[in-house]
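Below: one structure, written as structure tokens.
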Amino acid sequence: MAASSARSGLAQRGTTSWGTTWCTWTRTRWSSSGARCWVRSIRANRQMQSPWKIVFLLIGLTAINFWTEASHHNSDPVWGYRCVDNRCVKTAIETGQEEVWGLQVCRLNCSEPFGTVWPKPRGLASVGNGLVAIDGRSVEFRSSGTLKGYWDISAERFRGQLGNKLAGEEVNSGGYRMVVELDVKDDSLVLNHGTVERYRLLVGQPVHDQVIVTIEAENYFGARHGLETLAQLIVFDDLSGDLLLMVGAEIQDAPAFPHRGLSLDTVRHYVDVESIKRAIDALAMVKMNVFHWHITDSQSWPLVIKSHPILHTFGAYSRKQIYTAKDVEDIVQYALVRGVRIIPELDAPGHIGEGWEKTGLVSCFNYQPWVQYCEEPPCGQFDPT
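See the structure below:
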């Protein structure tokens, strides 16, 4: 017992070296491995007595890591893709073999008519006859009418989409300058079931130092959809380092359904404004046009109504988890620029609970056991009396 206590004390006192730290961790199992632990601790103490050894060790590890990273970034790609039966098949890059593509280039060329365009065009889809490198930093937009502010936002978003395609990779300088001409007949911003959202996209051949892209539509929303399709015809080739555009292509497209929506419940689980905007961005990318915003229900009332502040005061999950009038206005405008209309959903009269308990207008609030009084907790409904 005395020897065991002495060895345990040694392990506890020697916590400044790596070896004795390991020994301290294993001291509860001293009977099975204590001797080996004690010997390793002494050896570790002797080996690490000089701080210069630690310094040299760290310098060596840093140099090895730097060399490895540099070798990784400077190495040539070894894998590419070939189109086989409308599928991109991974293949090793070898000298003298047939041309291979980067994955995104293969996806654009391999599937008919355009592998990267989604939803698939419902009208004419004429495949282009080649890919050319473009300068994503010098894209020019030409539009007429009264919607310059909307097009400025859409143009900035388009440039951001091109930047996202690079995923942090360096792109080659130069390339053709892309000019996007927007031909819109009507400047109306009415978006409903009757809105015509078809468009025609023409990607011309390179002339001198530029490529002309023309988008024709009845209104802003159709042209905006055409701009989304154009972004899907541009890919980054990680083999060549170029940002590539499919030229000589024509697409005529229109939605199959006038109502294409997504519903988001922000009542049972609060969703912040920026996350809602990201959901709207996703809708815009696939040309959906309705965002159903389930904003009130029995579980919470996060919507701020200035004339009835008692609702969000008692109904929100916290003081910060609310939607102000400014938040709602911001989201509605953000969505409209992206071709999405907001349909707010305020549940009533049988889904009234949190936030209404102080109004005197609700009956059976939070009755228990809830399974005997309502479909889901908390119970509550407008009192018709």
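Numbering (my numbering), first residue to last: 294 to 678. Here a beta-carbon is modelled for each residue, glycine too, at the ideal position from N, C-alpha and C.
Check your understanding: What alpha helix (DSSP H) runs, 4 residues minimum, are completely inside the stretch 447 to 535?
Key -> Within the stretch 447 to 535, the complete alpha helix (DSSP H) runs of at least 4 residues fall at 513 to 525.
Check your understanding: Who are the near neighbours of C268 in its chain, counting only those whose CB is closer than 7 Å to its CB and skipping five residues on each side?
Key -> Residue 268 falls outside the range modelled here, since the chain spans only 294 to 678, and no answer is possible.
**Study point:** Close Cβ partners of L526 (< 6 Å) along its chain, the five nearest in sequence each way excluded
**Key:** As a first step, residue 526 is located in the sequence shown; it is residue number 233 there, counting from the start. M539.
Practice item. Below 6 Å CB to CB, which residues in the same chain sit around A641 once its five sequence neighbours on both sides are set aside? Key: Reading the sequence shown from its first residue, position 348 is the one you call residue 641. Cβ within range, chain order: n/a, list empty.
Review point. Near I335, what residues of its chain come up, given a Cβ to Cβ distance below 6 Å and the 5 sequence neighbours on each side ignored?
Key: Counted from its first residue, the sequence shown places residue 335 at position 42. Only weak support is given to the placement of I335: the predicted model assigns it a pLDDT of 43, under 50, and the value that follows is read from those uncertain coordinates. There are no such residues.
**Study point:** chain B contact for G429 (CB, 8 Å cutoff)
**Key:** Here there is only one protein chain, and chain B is not present.
Point to revise | N-terminal and C-terminal residue of the beta strand (DSSP E) that A426 is part of | key: Numbered from its first residue, the sequence shown carries residue 426 at position 133. Per DSSP, A426 belongs to the beta strand (DSSP E) from G423 to A426.
Review point. Going by Cα to Cα distance, which pick from L654, V420 and V504 is closest to G468?
Key: Here the question's residue 468 lines up with position 175 in the sequence shown. Here the closest residue by C-alpha is V504.
Point to revise | I573 - DSSP class collapsed to helix/strand/coil | key: Start at 1 with the first residue of the sequence shown, and residue 573 comes out as number 280. If DSSP states are grouped into helix, strand and coil, I573 belongs with the helices.
Point to revise | Limits of the unbroken alpha helix (DSSP H) element including Y627 | key: Within the sequence shown, residue 627 is the residue found at index 334, counting from 1. Per DSSP, the unbroken alpha helix (DSSP H) holding Y627 starts and ends at A618 to V630.
Review point. For A549, which three-state DSSP category applies?
Key: Position 256 of the sequence shown, counted from the start, is the residue given in the question as residue 549. Secondary structure of A549 (DSSP, three-state): coil.
Review point. Just curious, the alpha helix (DSSP H) that I615 is in, first and last residue?
Key: As a position in the sequence shown, residue 615 is number 322, starting the count at 1. That residue, I615, is in no alpha helix (DSSP H); it is neither H nor E in DSSP.
Check your understanding: Considering L639, what are the terminal residues of the beta strand (DSSP E) in which it resides?
Key -> Indexing the sequence shown from 1 puts residue 639 at position 346. R634 to L639 is the span of the beta strand (DSSP E), which, as asked, contains L639.
Check your understanding: Which ranges does the alpha helix (DSSP H) cover as unbroken runs of at least 4 residues, wholly within the stretch 560 to 604, from first to last along the chain?
Key -> You should have 566 to 578.
Check your understanding: DSSP on V540, reduced to helix/strand/coil?
Key -> In the sequence shown, counting from the first residue as 1, residue 540 sits at position 247. Residue state, collapsed to three classes: strand.
Practice item. Report back the beta-carbon spacing between D558 and H644 to the nearest angstrom; my notes put them in contact at under 8 Å. Key: By one-based count along the sequence shown, residue 558 stands at place 265. By one-based count along the sequence shown, residue 644 stands at place 351. Incorrect: roughly 12 Å between the Cβ atoms, too far for contact.
Exercise for review: Go to L557, then tell me how far its beta strand (DSSP E) extends in each direction, as first and last residue.
Suggested key: Sequence index remark: in the sequence shown, residue 557 carries index 264 (1-based). G554 to D558 is the span of the beta strand (DSSP E), which, as asked, contains L557.
Review point. Are T513 and L482 closer than 8 Å when you measure CB to CB?
Key: As a working note, residue 513 is residue 220 in the sequence shown. As a working note, residue 482 is residue 189 in the sequence shown. Thr is not the amino acid found at residue 513; the sequence shown has Tyr there. Yes, these two residues count as a Cβ contact at 8 Å.
Practice item. Tell me whether S466 is buried or exposed, calling it buried when 16 or more other Cβ atoms sit within 10 Å of its Cβ. Key: Walking along the sequence shown from the start, residue 466 turns up at place 173. S466 is exposed by the Cβ-count criterion.
Check your understanding: Between the beta-carbon of L484 and the beta-carbon of R634, is there less than 8 Å?
Key -> Within the sequence shown, the letter at position 191 stands for residue 484. Within the sequence shown, the letter at position 341 stands for residue 634. Their beta carbons are under 8 Å apart, which means L484 touches R634 by this criterion.
Review point. What's the gap between the Cα of I603 and the Cα of K651?
Key: Reading the sequence shown from its first residue, position 310 is the one you call residue 603. Reading the sequence shown from its first residue, position 358 is the one you call residue 651. Taking the Cα positions, I603 is about 8 Å away from K651.
**Study point:** Whole-angstrom C-beta distance between C672 and G646, which should lie under 8 Å
**Key:** Against the sequence shown, residue 646 aligns to sequence position 353. Against the sequence shown, residue 672 aligns to sequence position 379. With a contact defined as Cβ atoms closer than 8 Å, G646 and C672 qualify at about 7 Å.
Practice item. Quick one: give me the first and last residue of the alpha helix (DSSP H) that C399 is part of. Key: Start at 1 with the first residue of the sequence shown, and residue 399 comes out as number 106. Per DSSP, C399 belongs to the alpha helix (DSSP H) from L396 to C403.
Review point. Are the CB atoms of L555 and F584 nearer to each other than 8 Å?
Key: Locating residue 555 in the sequence shown gives position 262, where the first residue counts as 1. Locating residue 584 in the sequence shown gives position 291, where the first residue counts as 1. Pairing L555 with F584 gives a Cβ-Cβ distance under 8 Å.
Check your understanding: Any idea if T522 is buried or exposed, counting beta-carbon neighbours within 10 angstroms, 16 or more meaning buried?
Key -> As a working mapping, residue 522 is identified with position 229 in the sequence shown. By the Cβ-count criterion, T522 is buried, with 16 or more other Cβ atoms from all chains shown falling within 10 Å of its own Cβ.
Point to revise | Cα-Cα separation between I544 and K570, rounded to whole angstroms | key: In the sequence shown, residue 544 corresponds to position 251, counting from 1. In the sequence shown, residue 570 corresponds to position 277, counting from 1. Rounded to the nearest angstrom, the two C-alpha atoms are 29 Å apart.
Review point. Can you give the beta carbon distance from D480 to G438, rounded, assuming they're within the 8 Å contact cut?
Key: The residue labelled residue 480 in the question sits at position 187 within the sequence shown. The residue labelled residue 438 in the question sits at position 145 within the sequence shown. With a Cβ gap of about 5 Å, D480 and G438 count as contacting.
Practice item. Indicate the three-state DSSP secondary structure (helix, strand or coil) for Q665 in the structure shown. Key: Here residue 665 is taken as the residue at index 372 of the sequence shown, counted from 1. In the three-state DSSP reduction, Q665 falls in the helix class (H, G or I).
Check your understanding: Between the Cα of W594 and the Cα atoms of I624, Y563 and L351, which residue gives the shortest distance?
Key -> Locating residue 594 in the sequence shown gives position 301, counting from the first residue. The residue from I624, Y563 and L351 with its alpha-carbon nearest to that of W594 is Y563.
Point to revise | Spatially closest choice to D476 from G515, Y666 and H587, by CA coordinates | key: Mapped onto the sequence shown, residue 476 falls at position 183. Looking at the Cα atoms, G515 is the closest of the given residues.
Review point. For Q450 versus D546, is the C-beta distance shorter than 8 Å?
Key: What you label residue 450 is simply residue 157 of the sequence shown in a count that begins at 1. What you label residue 546 is simply residue 253 of the sequence shown in a count that begins at 1. According to the sequence as given, residue 450 is Arg; it is not Gln. It is not a contact, given that the beta carbons lie outside the stated cut-off.
**Study point:** Best match in V473, A628, H605 and Y627 for proximity to T617 [C-alpha to C-alpha]
**Key:** To locate residue 617, count along the sequence shown from 1; it is residue 324. Of V473, A628, H605 and Y627, the residue nearest in Cα terms is H605.
Check your understanding: CA-CA distance, A426 and G442?
Key -> Translated into positions along the sequence shown, residue 426 becomes position 133. Translated into positions along the sequence shown, residue 442 becomes position 149. Their backbone Cα atoms lie some 29 Å apart in a straight line.
Check your understanding: Of all the options V579, I598, N582 and G608, which has the alpha carbon lying nearest to the alpha carbon of A592?
Key -> Taking the first residue of the sequence shown as position 1, residue 592 is located at position 299. Reading the sequence as shown, one finds Gln at residue 592 and not Ala. Here the closest residue by C-alpha is G608.
Check your understanding: What separation, rounded to the nearest whole angstrom, lies between the Cα atoms of V420 and F407?
Key -> Counting from 1 along the sequence shown, the entry for residue 420 is found at position 127. Counting from 1 along the sequence shown, the entry for residue 407 is found at position 114. For V420 and F407, the distance between alpha carbons rounds to 7 Å.
Check your understanding: Taking just the CA atoms, how far does A510 sit from V655?
Key -> Translated into positions along the sequence shown, residue 655 becomes position 362. Translated into positions along the sequence shown, residue 510 becomes position 217. Using only the alpha carbons, I get a separation of about 50 Å.
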